[in-house]
Amino acid sequence: MSHLKRSCSHRAITKSHRRGSTLVKSSDVVQKVYNSNMDPSTEISIHKAVAQRLEFTQRLAEWRESSSIAFPEVLSAQLDNWSEAPYITNRFGILLSIHYHTTALLVNRPLVTRLIAEIFPNKSSSLPFMGEIAIAIKQDVESAKELSQLVHCIAHYHPNFIDRNAIWWICNYSTFTAAVHLLGIVLICCQANLPEVVKVVELSEVREALVLSLDTLEMIERSSLMNRKGRDCLRRFLHVLDTLATLLDTTAILAHDQTETAFCDIFAQYISEPANDFILQLS
């Protein structure tokens with residue numbers, strides 16, 4: 001019995017240590033990349049955003065490898081076939097996987113927002129480090145997709161896991177963050193003259209992941225105003241983008257040299273209403 005108590009105590013201490021490591025990583029990112037939340041990420045140069053992302057991606061990879069010794073990473077594909085017992089046995093691995101992908105999105109965000117600021121509206125897409133940027137976009141999609149799938153599986157198969165481990169807030173916040181990232185990457189993919197990104201990211205895959213994240217948000221909404229209002233706004237944005245894609249595909253009068261600016265021009269006309277509504281609803 002005493003051996004069992006020592007074992008449980010050791011596991012609790014290990015859990016606390018691993019959880020603390022994740023928080024340290026997140027706080028380091030917020031402090032260095034976002035100047036402790038004092039500066040908007042769009043003010044970071046492409047060069048600085050790439051350099052900082054490489055640094056924190058390496059540190060995050062090292063943490064991921066070291067954590068896997070005690071608590072192996074849990075993939076969303078595994079959760080489809082699990083009963084309740086494996087959820088309990090692997091709960092630390094599930095929690096760490098959620099926090100890992102949440103931190104990965106935090107690391108990638110400055111580069112994603114900087115890229116959007118550079119290419120919209122009607123700006124040149126001739127940017128430095130496009131190879132590194134394309135890899136970052138691809139990995140951001142992967143983290144956002146995996147995070148959404150993890151939360152979706154938990155909410156669908158064993159929703160009690162969320163309350164038993166007090167992770168509703170992080171699931172709600174991180175899934176909404178994933179949805180925002182995916183919408184931003186949909187915008188990036190709609191910019192036709194970014195061949196480096198188009199080669200590694202499929203627009204249909206990103207859109208599918210975005211729809212999944214929005215469906216997941218609806219599953220875990222509860223009383224969250226941010227969830228409901230934000231989700232409705234993102235759905236409207238997605239509807240606008242789908243409408244614009246149809247218009248651009250069927251409008252034969254657009255000359256070839258106008259297509260690069262056509263999306264931005266039409267987008268500006270359609271996007272103001274849902275954006276203004278979202279701001280008004282949260283004010």
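For the sequence shown, our numbering assigns the number 1 to the initial residue and increments by one for each residue that follows. Note that the Cβ used here is the ideal one computed from N, Cα and C, for glycine as well.
Same chain, Cβ closer than 7 Å to D257, neighbours up to 5 away in sequence not counted: Low local confidence applies: a pLDDT of 47 at D257 is under 50, so the model's placement there is unreliable, with the coordinate-based value given in what follows. No residues qualify anywhere along the chain.
Contact between the segment 135-144 and the segment 104-112 (3+ Cβ pairs under 8 Å): yes
Please list, in chain order, all residues of the same chain as E218 whose beta carbon is under 7 Å from its beta carbon, the five residues on each side excluded. Result list for E218: R231, in chain order.
Simplified DSSP state of P128, which is helix, strand or coil: coil
Excluding the five sequence neighbours on either side, which residues of its own chain have a C-beta within less than 8 Å of the C-beta of R228, listed in chain order? E221
Select from D215, L182, F71 the residue whose C-alpha is nearest the C-alpha of E202. L182
L214 to K48 span [Cα, whole Å]: Computed Cα separation, rounded: 31 Å.
Member of P86, D80, R59 whose CA lies at the smallest distance from the CA of P72: P86
Which word fits H152, buried or exposed, when buried means at least 16 other C-beta atoms lie within 10 angstroms of its C-beta? That one is buried.
Below 8 Å between beta carbons: does that hold for C190 and V206? In this structure, V206 does not lie closer than 8 Å to C190 by Cβ.
In terms of residue numbering, what span does the alpha helix (DSSP H) encompassing I44 cover? First-last for I44: undefined, no H or E at that position.
Same chain, Cβ closer than 8 Å to N81, five either side skipped, listed in chain order: none
List the endpoints of the continuous alpha helix (DSSP H) containing H158. If you look at H158, you'll find it isn't in any alpha helix (DSSP H); DSSP assigns it neither H nor E.
Option in Y100, Q52, L194 with minimal Cα separation from S148: When only C-alpha atoms are compared, the closest one is Y100.
Can you look up I98 in the DSSP assignment and give me helix, strand or coil? helix
State the CB to CB distance for the pair E132 and V50, rounded to an integer number of angstroms; the pair is presumed to be in contact (CB under 8 Å). 5 Å
Can you give me the C-alpha to C-alpha distance between S224 and F92, rounded to a whole angstrom? 25 Å
Buried/exposed call for R164, threshold 16 Cβ in 10 Å: exposed
If I follow the unbroken alpha helix (DSSP H) through L194, where does it start and stop? For L194, there is no enclosing alpha helix (DSSP H), as DSSP gives it neither H nor E.
Can you tell me the Cβ-Cβ gap for I313 and S204, rounded? I've got them flagged as a contact below 8 Å. Since the first residue shown for the chain is 1 and the last is 283, residue 313 is missing from the structure and cannot be characterised.
Could you work out which residue in L210, E55, Q139, R59 is closest to L187 when comparing CA atoms only? L210
Pick from Q78, C171, M130 that is closest to V198, judged by C-alpha positions: M130
State yes or no: is the beta carbon of V198 nearer than 8 Å to at least one beta carbon in chain D? The displayed structure is made up of one protein chain only, and chain D is not part of it.
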